[in-house]
Amino acid sequence: MMLAIVIPAYNEAKMIAEVVKEVLAATPHVFVIDDGSSDDTAGSAAHAGATVMRHVINRGQGAALRTGLEAAIRAGAEIIVTFDADGQMSAADIPALTAPIAAGLCDVVLGSRFLAAEVAGLPRVRRWTLKAALAFTRATTGLKLTDTHNGLRAFSHVAAAKLNLHCDRMAHASEILEEISRLGLRYREVPVTIKYTDYSLAKGQKLTGAFRIIKDLVLSSWIKN
Amino acid sequence: MLAFQIIVILFCLYAAFRVWQKIRSRSLGSRWGAFWLAFWLGVGATVALPWTTSLLAARLGVTRGVDLVIYVSVIVLFYLVFRLTLKIEKLESNITKLVREIALSSSEEKTKNQEPNSRPQV
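Protein sequence lines, in the order shown, are assigned to chains Z and B. Per the working numbering: the first sequence = residues 1 to 225. Per the working numbering: the second sequence = residues 1001 to 1122.
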């Protein structure tokens, strides 16, 4: 089965080569979407062995992710894994994500940092924000999840093609869960390890981002309708 | 008639004339054109005949005509902001589609150009 890994990246020249080299061990089909970076993210990723697509202007992580999904589907991928570019995810978790789809047990596999034994280095404020986002997601989608806004996920190509995503920025993570619920896709969670480093924390979302996510979700639902 | 009324009425007439020009040059759709034409002529008429707002206000249960004008203005402004927000989001979404298509087609183009070179030379 052809496995593709999609990595949206914005100003990740420092980390992207290391991340690409790590995931190339899982598959040769690695798609990096440089979302209008001002540094040499595209060059570093290409040099490391990835297929690089470049947004001419910055459109947000959600937009870059959709470009990557589209590229992977066009390339004939059967399973697509989404992976972050900041080095906080581990390629060792990829087989656990893809196995249930390859076995035909489900359409989507979501990584959960809270199913793992210990979440080291997760700041308290971010933990509370994630718990609040989880409660919001459970209430709006009805999905029984233990984590939300975790970028490590796997889709069958059929499921990926069905997703009707509109949120260009960070709200795409909630929108994906809404789509899983709306389409009635078979899903499961598997434990994954997230490494919180000073670099990834500096690049990560701020508390104020939660308000923007809610605004984006509301606006995108109006545009869809 | 007060000088203030004359200035506002002249401005409304100018704005209505500009809307009419836009409709004729087809740079403004007929629906929105009709809305803006009615809006500017309505504002001009209200300023020229301020007592009409008091009559309407009394019928609608609002104490003063000027209060009615403020209430209606606030509602119209909120609605326009709402419409503009949706329009901007739609434009953003279309820009993203363009950016995506450019990214995908240039990547495919690059792959096509690389393929003949990657074949071993005989």
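Where a beta carbon is used, it is the ideal one built from N, C-alpha and C, also for glycine.
Could you check what DSSP says for B:R1024 in three-state terms: helix, strand or coil?
If DSSP states are grouped into helix, strand and coil, B:R1024 belongs with the helices.
Going by the DSSP bridge assignment, what does Z:Y187 pair with across the sheet?
DSSP lists Z:V108 as partners of Z:Y187.
Can you list, in chain order, the residues of its chain with a C-beta nearer than 7 angstroms to that of Z:A64? Leave out the 5 residues immediately preceding and following it.
Shown here for Z:A64: same chain residues with a beta carbon closer than 7 angstroms to its own, the five before and five after excluded, namely P8, I33, D35 and H55 in chain order.
Members of the stretch 1071-1089 of chain B near chain Z, C-beta cut-off 8 angstroms:
Per Cβ criterion, the list reads T1085, L1086 and E1089.
Sorry if obvious, but does the Cβ on Z:D93 come closer than 8 angstroms to a heavy atom of the ligand GDP?
Absence of the ligand GDP from the depicted structure is noted, as is the absence of any ligand whatsoever, leaving it without description.
Is the shortest distance between the beta-carbon of B:V1136 and the beta-carbons of chain Z less than 9 angstroms?
With chain B covering 1001 to 1122 only, the question about residue 1136 of chain B has no answer from this structure.
I need the straight-line Cα distance from B:P1050 to B:A1034, nearest angstrom please.
Their backbone Cα atoms lie some 23 angstroms apart in a straight line.
In angstroms with no decimal places, state the Cα-to-Cα distance between B:V1099 and B:L1060.
Between B:V1099 and B:L1060, the C-alpha separation is close to 51 angstroms.
Measure from the C-beta of Z:L122 to each C-beta in chain B and report whether the shortest distance is under 9 angstroms.
Contact of Z:L122 with chain B is not assigned, every C-beta pair being separated by 9 angstroms or more.
If you measure from the beta carbon of Z:T41 to each beta carbon in chain B, is any gap under 9 angstroms?
Not one beta carbon of chain B lies nearer than 9 angstroms to the beta carbon of Z:T41.
Just verifying my parser: in three-state terms, what is the DSSP assignment at Z:F155?
Collapsing the DSSP output to three states places Z:F155 in a strand.
Look at the Cβ atom of B:A1016, then the Cβ atom of B:L1037, and state whether they are nearer than 9 angstroms.
Yes, they are a contact pair.
Taking 9 angstroms as the cut-off, decide whether the C-beta atoms of Z:V97 and Z:V190 are in contact.
For the record, residue 97 of chain Z in the displayed sequence is Leu; it is not Val. It is a contact, given that the beta carbons lie within the stated cut-off.
Assuming Z:T82 and Z:G151 form a contact by the criterion Cβ under 8 angstroms, report the distance between their Cβ atoms to the nearest whole angstrom.
That belief holds up - the Cβ atoms of Z:T82 and Z:G151 are roughly 6 angstroms apart, short of 8 angstroms.
Beta-carbon within less than 6 angstroms of Z:Y199's beta-carbon, same chain only, minus the 5 sequence neighbours each way: which residues are those?
Listed in chain order, the non-local C-beta contacts of Z:Y199 below 6 angstroms within the same chain number zero, local neighbours out to five positions each way being set aside.
Closer than 8 angstroms by beta-carbon distance: list the chain Z residues that pair up with B:E1092, in chain order.
Within chain Z, the C-beta atoms nearer than 8 angstroms to that of B:E1092 come from D168, in chain order.
Quick check on the burial criterion: 16 or more other C-beta atoms within 10 angstroms. Buried or exposed for B:I1006?
Per the 10 Å Cβ criterion, exposed.
C-alpha distance - B:L1102 paired with Z:V192, whole-angstrom precision:
In the sequence on display, residue 1102 of chain B carries Ile and not Leu. Rounded to the nearest angstrom, the two C-alpha atoms are 34 angstroms apart.
What is the rounded straight-line gap between the Cα of Z:C167 and the Cα of Z:G62?
Roughly 6 angstroms separates the two Cα atoms.
Can you tell me the Cα-Cα spacing of Z:E178 and Z:A135, whole angstroms?
One C-alpha to the other measures close to 13 angstroms.
Please name the residues in the stretch 43-57 of chain Z whose beta-carbon is closer than 9 angstroms to at least one beta-carbon of chain B, in chain order.
Flagged, chain order: T51, V52, M53, R54, H55, V56 and I57.
Tell me the rounded alpha-carbon separation between Z:A75 and Z:R182.
Rounded to whole angstroms, the gap between the alpha carbons of Z:A75 and Z:R182 is 27 angstroms.
Do you know how far the Cα of B:I1009 is from the Cα of B:Q1021?
Rounded to whole angstroms, B:Q1021 to B:I1009 spans 18 angstroms at the Cα level.
What does the alpha-carbon distance come out to for the pair Z:A103 and B:R1083?
One C-alpha to the other measures close to 48 angstroms.
Kindly provide the ranges of any beta strand (DSSP E) runs that are 3 or more residues long and lie completely inside the stretch 47-97 of chain Z, ordered along the chain.
Counting only runs of 3 or more, we get 51-55 and 79-82.
Throw me the rounded Cβ distance for the Z:A17 and Z:H47 pair, which I believe falls under 8 angstroms.
Z:H47 and Z:A17 do touch by the CB rule: their CB atoms are close to 7 angstroms apart, below 8 angstroms.
Could you name the residues of the same chain whose beta carbon sits closer than 6 angstroms to that of Z:A159, not counting the 5 residues immediately before and after it, in chain order?
These residues qualify, in order along the chain: D107, V108 and L185.
How far does the beta strand (DSSP E) with Z:I5 in it extend, from its first residue to its last?
Where Z:I5 is concerned, the enclosing beta strand (DSSP E) stretches over L3 to A9.
Give me the residue from B:L1086, B:T1111 and B:T1046 with the minimum Cα distance to B:V1072.
Across the set B:L1086, B:T1111 and B:T1046, the C-alpha of B:T1046 shows the shortest separation from the C-alpha of B:V1072.
I'd like to know whether the C-beta of Z:A173 is nearer than 9 angstroms to at least one C-beta of chain B.
Using a Cβ-Cβ cut-off of 9 angstroms, Z:A173 does not count as an interface residue toward chain B, since no Cβ of chain B sits closer than that to its own.
Is Z:R59 close to chain B, meaning its C-beta is less than 9 angstroms from at least one C-beta of that chain?
Residue-level contact by beta carbon holds for Z:R59 and chain B, with a gap shorter than 9 angstroms.
What residues in the stretch 61-75 of chain Z have a beta carbon less than 8 angstroms from any beta carbon of chain B?
So the list reads A63, R66, T67, E70, A71 and R74, given in the order they occur along the chain.
So that I know if they touch, is there some Cβ in chain Z lying closer than 9 angstroms to that of B:Q1121?
For B:Q1121, the predicted model reports a pLDDT of 45, less than 50, meaning its position is unreliable; a value from the coordinates is still stated below. With a threshold of 9 angstroms between beta carbons, B:Q1121 makes no contact with chain Z.
Out of curiosity, what's the CA-to-CA distance linking Z:E12 and B:S1027?
Taking the straight line joining both Cα atoms gives about 43 angstroms.
Buried or exposed (CB count within 10 angstroms, at least 16 for buried), B:D1067
So B:D1067 counts as exposed.
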